[in-house]
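Peer 1: For the sequence shown, position 102 matches number 103 in our numbering, and the numbering has no gaps at all. Just so you know, even glycine gets a beta-carbon here, dropped at the ideal spot from N, CA and C.
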Amino acid sequence: MSNKITNARIAELQRLMDRKDELRTTIQEKQDAMQRIVDTMNEEAQTLTSSSAKAVMAARGKVSSTLSYQDEVDSYEIAIARLEELYAEVEAELKGLQELMEPQDST
Numbered sequence: 002m003s004n005k006i007t008n009a010r011i012a013e014l015q016r017l018m019d020r021k022d023e024l025r026t027t028i029q030e031k032q033d034a035m036q037r038i039v040d041t042m043n044e045e046a047q048t049l050t051s052s053s054a055k056a057v058m059a060a061r062g063k064v065s066s067t068l069s070y071q072d073e074v075d076s077y078e079i080a081i082a083r084l085e086e087l088y089a090e091v092e093a094e095l096k097g098l099q100e101l102m103e104p105q106d107s108t
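1) Applying the 10 Å Cβ sphere with the 16-neighbour rule, what's the burial state of residue 17?
2) Take the Cβ of residue 24 as the centre, count every other Cβ of all protein chains shown within 10 Å, and call the residue buried at 16 or more, exposed below.
3) Hey, out of 32, 95 and 99, whose CA is closest to residue 84's CA?
4) Measuring alpha carbon to alpha carbon, tell me which residue in 77, 10 and 36 is nearest residue 102.
5) From residue 79 to residue 99, what does the alpha carbon distance come to, in whole angstroms?
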């Protein structure tokens, strides 16, 4: 019985460690994507591009998008913040599980 509990805890520990790694990778990917957007367009270029695109769309009678590069960056920041919250939750859960396993390791 005790062996099954230990094996279950080890499996849970591994699952949490894997989840933590996945979250860290996803956070890094989102940060990199956000940085590419920021690096690609400085504010002056964003304004020029946005104005040109809006002028073309208006001439064609089409509705233009109001999504700006800053909106994209903001959406990445929100997504990253949420992922970092999940990461912290997984870290706390992982720490708690590791603390539960420590007494068993010393016996």
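Peer 2: In short, the structure shows the following:
1) The sequence position of residue 17 within the sequence shown is 16, counting from 1. Residue 17 is buried by the Cβ-count criterion.
2) One-based indexing of the sequence shown puts residue 24 at position 23. Looking at its Cβ environment, which holds 16 or more other Cβ atoms inside 10 Å, residue 24 is buried.
3) Reading the sequence shown from its first residue, position 83 is the one you call residue 84. Out of 32, 95 and 99, 32 has the C-alpha closest to the C-alpha of residue 84.
4) As a first step, residue 102 is located in the sequence shown; it is residue number 101 there, counting from the start. Nearest C-alpha to residue 102: 10.
5) Mapped onto the sequence shown, residue 79 falls at position 78. Mapped onto the sequence shown, residue 99 falls at position 98. Residue 79 and residue 99: Cα-Cα distance of roughly 30 Å.
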